[in-house]
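K.L.:
Residue numbers (full-length UniProt numbering): 1 to 109.
Heads up, the beta-carbon is just placed ideally off N, CA and C, and yes, glycines get one too.
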């Protein structure tokens with residue numbers, strides 16, 4: 001199943017599934033890792049991540065940094081946000097309230 005994506009300024013936005021785990025990352029991987037633009041994961045419908053999914057996010061971020069690009073999460077709420085906070089991922093990943101907040105940050109940094 002292909003990801004729903006769109007371009008927003010200099011970023012490629014990917015709509016994340018309800019779960020980011022070992023059963024979904026294979027569908028996410030190639031499209032995201034092949035992106036030449038900044039990657040933004042829209043997590044408005046995501047409410048679960050397992051350790052495999054978390055490692056996958058960290059791996060994507062590392063690959064993006066190697067290319068001189070960003071990887072950010074937007075629209076993170078509920079249990080997903082609480083889990084990322086417990087893991088202190090808010091210090092490891094770029095997390096924004098929405099795409100507009102991410103774009104504003106990019107414009108002023």
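Per the contact definition of three or more C-beta pairs closer than 8 Å, is the stretch 70 to 88 in contact with the stretch 28 to 47?
P.N.:
yes
K.L.:
In the DSSP assignment, find the unbroken beta strand (DSSP E) run with residue 42 in it and report its ends.
P.N.:
Residue mapping note: residue 42 aligns to position 42 of the chain shown, counting from 1. Where residue 42 is concerned, the enclosing beta strand (DSSP E) stretches over 38 to 42.
K.L.:
Please determine, among 36, 33, 49, the residue with the shortest C-alpha to C-alpha distance to residue 24.
P.N.:
Here residue 24 corresponds to residue number 24 of the chain shown, with the count starting at 1. It is 49.
K.L.:
Can you name the residues that DSSP bridges to residue 45?
P.N.:
Numbered from 1 along the chain shown, position 45 holds the residue referred to as residue 45. Partner residues in a beta bridge of residue 45, as assigned by DSSP, do not exist.
K.L.:
With residue 80 and residue 52 assumed to form a contact (beta carbons below 8 Å), what rounded beta-carbon distance in angstroms separates them?
P.N.:
The residue labelled residue 80 in the question sits at position 80 within the chain shown. The residue labelled residue 52 in the question sits at position 52 within the chain shown. Not confirmed; about 15 Å, so no contact.
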